[in-house]
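Protein chains in written order, with our numbering: chain G, 4 to 562; chain P, 71 to 353.
Ideal Cβ placement from N, Cα and C applies to all residues, glycine included.
A quick write-up on the structure given underneath.
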Amino acid sequence: MNLISLKIAAPAGFGVMSMGPMFAKVLKRSGFYVMGYPEYPSLIRGGYNSYQLLISDEPVYNPYIKTDILLTFTKLSFEKEKIEENVTVIADFEKLKVDKEKINAKIIDIPLSKILKENNLKDIVKNTLALGYVAKLLKIDYKIFEDVIKETMPEKHHEINLSALKIGYDICKNTFNFNFEKKDYQNHIIVTGNESTALSAIASGVNFYSTYPMTPASTVLHFLAKYAKDYGIIVKHTEDEIAGVTMAIGAAYAGARAMTGTSGGGFSLMVEGLGLAAITETPILFFISQRPGPATGMPTWQEQADLKFVLNASQDEFVRAVFTPGDITELFYAVNEALNIAEKYQIPTFVLSDKYLSESLFMDTEFNLNALKIDRGYVFEGDKDKPLEFFPRYKEVKDGIPQRAFPGTIGGIHKTPSNEHDEYGFVSDDAKVRKLMQDRRFKKLNSLANDMPQPKLYGDQTAETTFVCWGSTKTVLLEAMKYNKDFNFIHFPAIYPINWDETKALLQSANKLVLIENNFLGQLGQVIAENTGIIIEDKFLKYDGRPFFTEEILEYLGE
Amino acid sequence: MKAHELNTGKTPVWCPGCGNYAIWNALKGAIADLNLNPWEVVTVSGIGCSGKMVNHIRCYGFHSLHGRVLPVATGVKLANHKLTVIANGGDGDGYGMGMGHFVHAMRRNIDLTYIVHDNRTYGLTTGQASPTAKRGTVTKSTPEGVFEEPVNPIAFALSAGATFIARGYSGESEHLKELIKKAINHKGFALIDVLQPCVSFARDYSYDYYDSRIYFLDENYNSNNKESAFKLAFEKDKYALGIIYEDKSKPTYEEQHGVLKEKTLCEQGVKLKDISPLLKLYK
C-alpha cells in the first residue's frame, strides 16, 4: 500500500477548511483514494488550523500522526508539528521569518508573497498558488484542478484564482517521489459525516428540522437550510434548543417528518423534550454529534462520551432506539432507518455521530438511493361518519403500537398530554391505566430489537485480539487492519435495543477482548457488562480530544 | 354547532369560582360562533391550571410542558397552517419559564391565538408568587414579599412586535368571547392577557378587586397607535379591556415562507426525494 500524508496548515480565517475539501476532490478525480481530517480551535481568526489529506492507492479510512508533505502558512507549524528529515516542508520561509537552515527536513521555499506581487495578484490567493505547486508536485492534471475551482468557487473569484493556480503549476519544476496506481473513482463520492446525515435526511423525506446551532452538529443545520426551499423543508433556527426540540415535536404531532440535531450541551437542554416525545409517542429523530467535556468543554474536538447520557436521558423509563453508525455510509442508512423506526414505533430515536465522523472527509461508493424507504407506521386516515367521536389514539393496534391521527383528520379527535393518560389521551393517574399504558409501550421492544442493526465482526475470526468498539472507531480499526492481521474487531452500529443473546455469543467467541473507545470510563464496556455479564478488563481509551491515529493502534498491538 | 357540544364529558377540576370556567365558556363560544370544524382546531397548553383547558374542549389538544406552549404550537402551525391553533398558558408558564419563547413567537408573528390565564400566582403548586405578582406580595416562596418588579405583559408584547394585543377579564365572559373571536380571525400572533381571579391563592386580586378597576375601551380608541397602547399598558390601578393594539399590515411568518406558499407542509406529504443532483457535487 502506498500512502502520502499531506498537511495544510494556517491560522484560522485563511481558508484551510475550504481548501482541504476542494483539494480532496481534485485528488479523487485524479485517481487517488482520499481521506481528510481537519483540526481547528474554536476561533474565527488566528490560532492553528490544519487539514490532513491522506492520499492512497487503496481505500484509506483514518488519519495518521505522520506527515509526508507539510504545506504551511504559519510559523506555528514549526512548534506544533513533528518535522523530521523525511518530511517535505513547503513554505514562504522569508515571509514566515523562519530560518530554514535550522529545519531538519526537505525544504521547498517558495516566495509566495513576492511572486504574487510581481504578478499583481492579491495575497488572498496565496493558498491557491501553493496548492497549484503541490498539485504539480503530485503530477496532477491542471485541467482537473481548474474544473474543481470553477465548480466550487463563486464566479467572481475564478479569474484571480486560476491565475494563481497557473503560476503555481509553472514554478514547480520537480515531482514528489511516488508511484501510485491511479484508479477511476467516478462512482465514489467524498463527503463529511454531517453531509451524509443531511443528504440522508433530505432523501428520507424529513420536512421539518428545528434546532439551535452547536458545533459539531451545526453544519447539518446549514446544509438543510441551504437546500430547504428546493426540497420543501422547513428549517428553523430557534431561540434555544428547548424550542428546537418542542417545535419539532409539535410539527411531528401535526404530521411532519421531524428531526433535530445538536451536540451534548444542546441535548442537555432538549432532554425535557425527549420525555415529552416519549410519553406522547411522537416520532422524532435526534441527531447528536459528540464533543468533549460537560458544559462547554472543547467545542471543536473529538470524544465519544455521551453514549450513556443518550441511553439514560430523561426521568422514568421508556423505549428509544440508539444508532451508532461507524462511517458515512452506515450514517446515511442509519438516518433513514432511525426515521422509519421513529414513525413505525412512535418513539424518539437517536443517531450518534462525533466530531471526527461529522467533520472528517470520507470517500465511499455512491449511496444506493434505491435502498431507502419510508415507513410512516399506523396512521388513521379518518372517518367522515364520526366527525366528533373521540379517537382511541393510545389503544394498541399491534405489538404495543397504537395508531396516530394527525390534527385535521375527521374522526381523529383525541388528546395528547404530557401526563399519563387513557387510550383517548385524557389525563389519568388511575393505577390500572398507568400499568396498562406502560406495559403496552414497552411491548414495542420485542420487535424493535430485531429491526435494529446488530453488532458485526470485522476481520479474521481466529485473530488473537478482538477490539470492541462503537461509532466512528470502526474506521480507525479498518485502517490499522491493513498492517496487522493479528486482530479483529466487533463493531456496534446500534446499541439499544439489540439482540443481546446473539451479541453475548459473538463476544464469547473471541480470544481476548479489548475495549476501544474515545472516553474515560469505557461506556460501551459498561453497557455490555450490564446486558451480558461480560466484563471486558482490557481497555484502550483515549480522551485527549483527538481521535485514535492509525499508528496508535499499531503501537498498542506492539509494533 | 353549539358551544355545549364542544364539551368533552370530563368534569373540570378547577376550584369552585375559578376564573378558568369563564375562559372555558368564552373559548367554546368563540369556536362555536366562528363555525370552526372541531377537527380543524388544535388547542395547545402548558402546565398549570390553565393547561387543563385542553381536556375540556372537543377538538384536537396537545397538553405540553411548563413554559413550552408556544414552540409546540408553532410546530403544529408550521406543519399545517390551515389549522386554527389556540394556545393556552398561565402567567407562570408563559411569562416565567416560557418568557424567551413568548418574545420570539411575537417577533415571528406566527398566526396563533395565545390566551394567557393571568392570575398572578402559581395555582397548581399551591400559591407561590408568579412573574406578574406585585412587589411585596407575600407567598410561601416569598415570605419577605416579592422583591422584583412585576412583568407587564402588554408593554412587553408591544415592544416585542406582537400584532394583536388584547386584555380580557374572566368576570366578563361575553366580552372575552368576542375578543377570542377577533384574535382567531387576526392574521398573526394574537395575545389575550386575561385577568383571572384565583379564588384559592391570589386573594389580593379578587373579582371585587378587578370589578372596581376595569373599564372597556370604546369605539373612539385607535388600536393602531403604539404610543397610546403603551400609555394604557402603564396605567396605574386601572385595567382597560379590549384590543389595546392591532397591526393588520404585517405578514405572518408562514405567509413569508417559500415552502408554504402553495400548500401546507402536510399537504406536500412525506416522500422519498431524489438527491442525485446533490450527490454530483461530491464526485
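Query, Result
"Between the region 185-199 of chain G and chain P, which residues of the former have CB atoms less than 8 Å from a CB of the latter, in chain order?", "189, 191, 192, 193, 194 and 198"
"Please name the residues in the region 121-141 of chain P whose beta-carbon is closer than 7 Å to at least one beta-carbon of chain G, in chain order.", "124, 125, 128, 129, 130, 131, 132, 133, 134, 135, 138 and 141"
"Below 8 Å CB to CB, which residues in the same chain sit around residue 330 of chain P once its five sequence neighbours on both sides are set aside?", "148, 151 and 324"
"Leaving out the 5 sequence neighbours to the left and right, which residues in its chain are closer than 6 Å to residue 526 of chain G when beta-carbon positions are compared?", "310 and 311"
"Could you pull the DSSP bridge partners for residue 354 of chain G from this structure?", "G:290 and G:326"
"How long is the line joining the alpha carbons of residue 163 of chain G and residue 171 of chain G, rounded to whole angstroms?", "12 Å"
"With a cut-off of 8 Å, do at least 3 Cβ pairs link the region 49-61 of chain G to the region 374-386 of chain G?", "no"
"Would residue 114 of chain P and residue 154 of chain P be called neighbours here (beta carbons separated by less than 7 Å)?", "no"
"Going by DSSP in three states, residue 421 of chain G sits in which element: helix, strand or coil?", "coil"
"Between which residues of its own chain and residue 242 of chain P is the CB-CB distance below 7 Å, once the five residues before and five after are set aside?", "311"
"Any C-beta of chain P sitting closer than 7 Å to the C-beta of residue 64 of chain G?", "no"
"Any C-beta of chain G sitting closer than 7 Å to the C-beta of residue 101 of chain P?", "no"
"Classify residue 346 of chain G: buried if its beta carbon has 16 or more other beta carbons within 10 angstroms, exposed otherwise.", "buried"
"So is the beta-carbon of residue 136 of chain G under 6 Å away from any non-hydrogen atom of the ligand NAD?", "Absence of the ligand NAD from the depicted structure is noted, as is the absence of any ligand whatsoever, leaving it without description."
"Within the 7 Å Cβ cut-off, does residue 206 of chain G reach chain P?", "yes"
"With distances taken from CA atoms, which of G:471, G:418 and G:72 is nearest residue 112 of chain G?", "G:72"
"Closer than 8 Å by beta-carbon distance: list the chain G residues that pair up with residue 336 of chain P, in chain order.", "257, 258, 259, 409 and 411"
"For the alpha helix (DSSP H) containing residue 55 of chain G, list its first residue and its last residue.", "No alpha helix (DSSP H) contains residue 55 of chain G, which is instead part of the beta strand (DSSP E) from 49-59."
"Could you tell me the distance, in whole angstroms, from the CA atom of residue 398 of chain G to the CA atom of residue 253 of chain G?", "21 Å"
"Does the beta carbon of residue 420 of chain G sit closer than 7 Å to a beta carbon anywhere in chain P?", "yes"
"Give, in chain order, every unbroken run of the alpha helix (DSSP H) that is at least 4 residues long and sits entirely within the region 296-329 of chain P.", "296-303 and 323-326"
"At a Cβ threshold of 7 Å, is residue 275 of chain G touching chain P?", "yes"
"Using the beta-carbon count (16 or more within 10 Å), is residue 133 of chain P buried or exposed?", "buried"
"Does the region 104-111 of chain G come within contact of the region 123-133 of chain G, defined as at least 3 CB pairs closer than 8 Å?", "no"
"Using a beta-carbon distance below 7 Å, is residue 339 of chain G in contact with chain P?", "no"
"Going by Cα to Cα distance, which pick from G:139, G:321, G:115 and G:85 is closest to residue 573 of chain G?", "Outside the modelled stretch of chain G, which goes from 4 to 562, sits residue 573 of chain G, for which no answer is possible."
"Whether or not the region 123-139 of chain P and the region 158-172 of chain P are in contact is what I'm after, with contact meaning three or more pairs of Cβ atoms, one per stretch, closer than 8 Å; do they touch?", "yes"
"In whole angstroms, give me the CA-to-CA distance for residue 303 of chain P and residue 316 of chain P.", "14 Å"
"Looking at chain G, is there any beta carbon in it that lies within less than 7 Å of the beta carbon of residue 165 of chain P?", "no"
"List the residues of chain P that residue 241 of chain G touches, going by C-beta distances under 8 Å, in chain order.", "141 and 174"
"Compute the distance between the beta-carbons of residue 554 of chain G and residue 68 of chain G, then report whether it is under 7 Å.", "yes"
"In chain P, what lies closer than 7 Å to residue 235 of chain G by C-beta?", "329 and 338"
"Put residue 71 of chain G into one of helix, strand or coil per three-state DSSP.", "coil"
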